[in-house]
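When we follow UniProt numbering, the leftmost residue of the sequence shown carries the number 1, and every step to the right adds one.
Contents: one structure, followed by commentary.
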Amino acid sequence: MATRREVVSMNNRLSLTSAALQDHITKKLLLPSVYLSGYGHGLKCRRKSSSEIKNHQFDIGQELDTEREYVLDLSQTPLTLAERMGLVVGPHERLTEEQWSLVKVRSVQQGESAHPCAICKEEFQLKPQVLLSCSHVFHRACVQSFEKFSKQKCCPVCRKQQYETRVIHDAANLFRHQCAIRIQSWWRGYTIRKGYTNIKKTRCPTEKLLRRRFLEEKLQELNDSFVQYCHTDTEAFLTDIDHSLSSSRQVFKELERRHTPELQEDEWNRIQNQVIQRGVWDCPICLTALDTSSLTDRDAARPRSVYHKKLFQVK
Numbered sequence: 001m002a003t004r005r006e007v008v009s010m011n012n013r014l015s016l017t018s019a020a021l022q023d024h025i026t027k028k029l030l031l032p033s034v035y036l037s038g039y040g041h042g043l044k045c046r047r048k049s050s051s052e053i054k055n056h057q058f059d060i061g062q063e064l065d066t067e068r069e070y071v072l073d074l075s076q077t078p079l080t081l082a083e084r085m086g087l088v089v090g091p092h093e094r095l096t097e098e099q100w101s102l103v104k105v106r107s108v109q110q111g112e113s114a115h116p117c118a119i120c121k122e123e124f125q126l127k128p129q130v131l132l133s134c135s136h137v138f139h140r141a142c143v144q145s146f147e148k149f150s151k152q153k154c155c156p157v158c159r160k161q162q163y164e165t166r167v168i169h170d171a172a173n174l175f176r177h178q179c180a181i182r183i184q185s186w187w188r189g190y191t192i193r194k195g196y197t198n199i200k201k202t203r204c205p206t207e208k209l210l211r212r213r214f215l216e217e218k219l220q221e222l223n224d225s226f227v228q229y230c231h232t233d234t235e236a237f238l239t240d241i242d243h244s245l246s247s248s249r250q251v252f253k254e255l256e257r258r259h260t261p262e263l264q265e266d267e268w269n270r271i272q273n274q275v276i277q278r279g280v281w282d283c284p285i286c287l288t289a290l291d292t293s294s295l296t297d298r299d300a301a302r303p304r305s306v307y308h309k310k311l312f313q314v315k
């Protein structure tokens with residue numbers, strides 16, 4: 001009777017062990033994405049509300065602003081039945097702050113933050129970066145994308161599974177330091193070059209070719225300054241000429257008016273009769289018909305010729 005009970009208990013233990021191993025293989029090997037995402041038998045997925053998402057993003061933003069290091073995925077992965085029974089080695093205990101300090105020291109010694117991200121091959125700069133428990137450093141977005149598309153949680157470099165993730169800011173601090181060094185070097189170079197330029201302008205070199213070039217530049221500067229000093233305004237010069245010509249024309253017109261004898265009334269009548277007898281009723285200047293009233297205008301005609309008054313004045 002006792003033997004039968006032992007056989008039954010052994011069969012039950014064997015069945016339980018088989019079920020535990022099958023459950024472990026299904027969750028860890030066959031369906032890693034389901035296991036990692038928290039979906040399982042007897043578990044219900046609860047979608048986060050918008051307020052929780054906003055609060056989580058606000059907390060992350062505050063932590064990034066203060067550059068405080070913190071560990072992601074604080075909730076520990078639930079153990080499978082095989083791990084609880086001791087059939088399979090369970091996950092390690094979560095790292096303490098002292099252990100994280102050792103991991104970070106090892107990462108600094110390896111120069112992980114100074115090298116590009118191993119996933120996207122781009123510099124970290126000011127983008128969020130994460131440190132894995134295996135001392136490798138990646139972009140936070142790259143690690144999340146790698147876990148999403150590979151459907152497993154393992155390091156892309158060393159393939160360590162079930163790692164822990166910690167947000168650090170070593171690459172951002174290193175990038176700021178490099179930018180500060182670059183700005184300082186540029187400014188120092190600018191000041192040195194500016195001072196050297198002033199020295200070149202004031203001190204004559206001793207070497208023959210350099211001294212010749214120095215004297216040529218000085219002579220060119222003197223010539224340029226002399227040309228600028230003797231520069232004449234062409235527009236003002238032409239305007240002055242126009243004024244002089246107009247003044248001369250006025251003087252000649254005045255002299256012509258004073259020295260030209262005035263015609264008597266009989267002479268004007270004779271000239272007018274000659275024009276009427278000639279029968280020319282077009283202006284010789286504009287070739288348009290003359291107005292009959294212009295024949296009586298004595299100020300607008302010359303002997304033996306008739307013009308428009310305005311055209312005659314312009315002429």
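For glycine and all other residues, C-beta sits at the position ideal for the given N, C-alpha and C.
Complete runs of the alpha helix (DSSP H) confined to the stretch 199 to 252 [at least 4 residues]: 208 to 229
Alpha helix (DSSP H) runs contained entirely in the UniProt domain "RING-type" (117 to 159), provided each spans 4 or more residues: 140 to 150
For Glu164, the nearest candidate out of Ala118, Arg94, Ser101 (CA to CA): On the sequence shown, position 164 is the one that residue 164 refers to. Looking at the Cα atoms, Arg94 is the closest of the given residues.
Beta-carbon proximity check, Ser113 vs Asp170, cutoff 8 Å: Along the sequence shown, read from residue 1 onward, the residue named residue 113 stands at position 113. Along the sequence shown, read from residue 1 onward, the residue named residue 170 stands at position 170. For Ser113 and Asp170, yes; Cβs fall inside 8 Å.
Candidates Lys121, Ser133, Arg106, Lys127, of which the one nearest Thr96 by Cα: Here residue 96 refers to the residue found at position 96 when the sequence shown is read from its first residue. Taking only the C-alpha atoms, the option nearest Thr96 is Ser133.
Classification of Cys142 by the beta-carbon crowding that lies within 10 angstroms, buried from 16 upward: As a first step, residue 142 must be located in the sequence shown, where it is residue number 142. When all chains shown are included, Cys142 counts as buried.
Exposure label - Phe226; buried when at least 16 CB within 10 Å: Start at 1 with the first residue of the sequence shown, and residue 226 comes out as number 226. The residue is exposed, with fewer than 16 neighbouring Cβ atoms inside 10 Å.
Which of helix, strand or coil DSSP assigns to Ile285: By one-based count along the sequence shown, residue 285 stands at place 285. Three-state DSSP puts Ile285 in coil, outside helix and strand.
Within 8 Å, strictly: CB atoms of Leu72 and Val167: By 1-based counting over the sequence shown, the position of residue 72 is 72. By 1-based counting over the sequence shown, the position of residue 167 is 167. Cβ distance < 8 Å, so Leu72 and Val167 count as in contact.
Contact belief for Ile119 with His139 at Cβ below 8 Å, rounded distance in angstroms: Taking the sequence shown and counting its residues from 1, one reaches residue 119 at position 119. Taking the sequence shown and counting its residues from 1, one reaches residue 139 at position 139. Right, their Cβ atoms sit about 7 Å apart.
Coarse secondary structure for Tyr196, derived from DSSP in three states: To locate residue 196, count along the sequence shown from 1; it is residue 196. Of the three classes helix, strand and coil, the one that applies to Tyr196 here is helix, per DSSP.
Coil, strand or helix - Arg188 by DSSP: In the sequence shown, counting from the first residue as 1, residue 188 sits at position 188. Of the three classes helix, strand and coil, the one that applies to Arg188 here is helix, per DSSP.
N-terminal and C-terminal residue of the beta strand (DSSP E) that Arg270 is part of: Start at 1 with the first residue of the sequence shown, and residue 270 comes out as number 270. That residue, Arg270, is in no beta strand (DSSP E); its alpha helix (DSSP H) goes 265 to 278.
CB contact flag (residue 317, Leu222, <8 Å): Outside the modelled stretch of the chain, which goes from 1 to 315, sits residue 317, for which no answer is possible.
Buried versus exposed, by CB contacts within 10 Å (16 or more), Val280: Here residue 280 corresponds to residue number 280 of the sequence shown, with the count starting at 1. Per the 10 Å Cβ criterion, exposed.
Whether Met85 touches Ala20 by CB criterion (8 Å): The residue labelled residue 85 in the question sits at position 85 within the sequence shown. The residue labelled residue 20 in the question sits at position 20 within the sequence shown. Going by C-beta atoms, Met85 is nearer than 8 Å to Ala20.
Cβ-based burial, Cys45 [other Cβ within 10 Å; buried from 16]: Here residue 45 is taken as the residue at index 45 of the sequence shown, counted from 1. Note that Cys45 scores a pLDDT of 42, beneath 50, so its modelled location is shaky; the value from the coordinates is reported in the next line. With fewer than 16 Cβ atoms within 10 Å of its Cβ, Cys45 is classed as exposed.
Continuous beta strand (DSSP E) stretch holding Arg94: start and end: The residue labelled residue 94 in the question sits at position 94 within the sequence shown. Premise fails: Arg94 is in no beta strand (DSSP E) and is neither H nor E.
Bridge partner(s) assigned by DSSP for Thr165: Position 165 of the sequence shown, counting from 1, holds the residue named residue 165. Answer by DSSP bridge pairing, in chain order: Leu132.
Through-space distance from Lys160 to Leu16, alpha-carbon basis: Counted from its first residue, the sequence shown places residue 16 at position 16. Counted from its first residue, the sequence shown places residue 160 at position 160. In a straight line, the C-alpha of Leu16 is about 29 Å away from that of Lys160.
Inter-residue spacing [alpha-carbon to alpha-carbon] between Gly42 and Leu14: Counting from 1 along the sequence shown, the entry for residue 42 is found at position 42. Counting from 1 along the sequence shown, the entry for residue 14 is found at position 14. With a pLDDT of 37 at Gly42, under the threshold of 50, the modelled position of that residue is not reliable, and the figure given next carries that caveat. The straight-line gap from Cα to Cα measures roughly 24 Å.
Bridge partners - Val105, DSSP secondary structure assignment: For this step, residue 105 is matched to residue 105 along the sequence shown. Answer by DSSP bridge pairing: none, since Val105 is not bridged.
Spatial neighbours of Gly40 in its chain, beta-carbon cut-off 6 Å, leaving aside the 5 residues before and after: Start at 1 with the first residue of the sequence shown, and residue 40 comes out as number 40. Model confidence at Gly40 stands at a pLDDT of 37, short of 50, so the residue's coordinates are unreliable and nothing is read from them.
Residues of its chain near Ser185, where Cβ-Cβ distance is below 8 Å and the 5 sequence neighbours each way are ignored: In the sequence shown, the residue the question calls residue 185 occupies position 185. Contacts found: none.
Beta-carbon spacing of Ser150, Leu131 below 8 Å: Translated into positions along the sequence shown, residue 150 becomes position 150. Translated into positions along the sequence shown, residue 131 becomes position 131. No, these two residues do not count as a Cβ contact at 8 Å.
Span separating the alpha-carbon of Pro205 from that of Phe214: Residue mapping note: residue 205 aligns to position 205 of the sequence shown, counting from 1. Residue mapping note: residue 214 aligns to position 214 of the sequence shown, counting from 1. Using only the alpha carbons, I get a separation of about 8 Å.
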